[in-house]
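Everything in the sequence shown is counted per our numbering, starting at 2 for the first residue and increasing by one. We put the beta carbon where it would ideally sit given N, CA and C, even for glycine.
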Amino acid sequence: MNLTSLWDQSRLSFSEFWAVRDARERAMLAVAALVVTIGLAYTLLIDPALSGRDRLNKNLPMLRQQVAQMQALSREAAALSGKSASALAGKSATPLIAMSKQNIEAALARNGLKPQSVMLTGDFAKVQLAAASFSGTLNWLDYMQKSALLSVVDANIVALAQPDMVNATFTLRLPSHE
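Laid out in structure tokens, this is it:
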């Protein structure tokens, strides 16, 4: 049985069904078929479009705010990137400082830090700080990493009761030149 014969058979069955109905029944069936068709069209096509539009209208202000925040962050990142590039260009002209007890103590003093002890052993330096400013310590570590290429191998930091105050012990290391 092919598709055309199936179509012809179902059309013949419908014609027989339709012919048996009187005019009033035909009108009622036609109206019912129209209502069902309109209901299906609304349910499948119109309602999803309307509810999607409402959902987008509700979310649009939030999405615009997020776009504005992303643009602001993008501008800030670009500005910082420009500062970083100019800072790196300026840093490349500055010679690296050598790792010595005097240079480490001088860098600590520039950040308002007084070491308990500074010990050098080969490529390693051990620095102990008591009641030191945490922000000053971070600034000093950043400076030592950038200017002397020292990296922190070991750190022991204990917060004190006063805000921004710590006891700290750092082991710093020069990178190997292999």
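Grouping DSSP H, G and I as helix and E and B as strand, with all else coil, what is residue i?
{"i": "L35", "result": "helix"}
{"i": "I105", "result": "helix"}
{"i": "M29", "result": "helix"}
{"i": "M63", "result": "helix"}
{"i": "W19", "result": "helix"}
{"i": "S93", "result": "Here the model assigns S93 a pLDDT of 48, short of 50, so the residue's position is not dependable and the matter cannot be decided."}
{"i": "L151", "result": "coil"}
{"i": "T5", "result": "helix"}
{"i": "I47", "result": "helix"}
{"i": "M100", "result": "coil"}
Quick test of your reading: residue i and residue j, contact by CB under 8 Å. State the CB separation rounded to the nearest angstrom.
{"i": "A156", "j": "F171", "result": "5 Å"}
{"i": "V119", "j": "K147", "result": "No, V119 and K147 are not in contact; Cβ-Cβ is about 19 Å, not under 8 Å."}
For residue i, collect the residues of the same chain with a Cβ closer than 8 Å to its Cβ; drop the 5 residues on either side in sequence, then sort them by chain order.
{"i": "L114", "result": "L130, A133, S134, G137, T138, W141"}
{"i": "F15", "result": "none"}
Going by beta-carbon coordinates alone, are residue i and residue j separated by less than 8 Å?
{"i": "F125", "j": "R174", "result": "yes"}
{"i": "P176", "j": "S152", "result": "yes"}
{"i": "V154", "j": "N168", "result": "no"}
{"i": "Y144", "j": "A108", "result": "yes"}
{"i": "I98", "j": "V128", "result": "no"}
{"i": "L13", "j": "R22", "result": "no"}
On the DSSP bridge list, what partners appear for residue i?
{"i": "F171", "result": "V128, A156"}
{"i": "V119", "result": "V128"}
{"i": "S134", "result": "M166"}
Can you find the residues in the same chain that come closer than 6 Å, C-beta to C-beta, to residue i, ignoring five residues on each side of it along the sequence?
{"i": "Q163", "result": "none"}
Could you pull out every residue in the same chain whose Cβ sits closer than 7 Å to the Cβ of residue i, ignoring the five residues on either side in sequence?
{"i": "D165", "result": "S134, F135, S136"}
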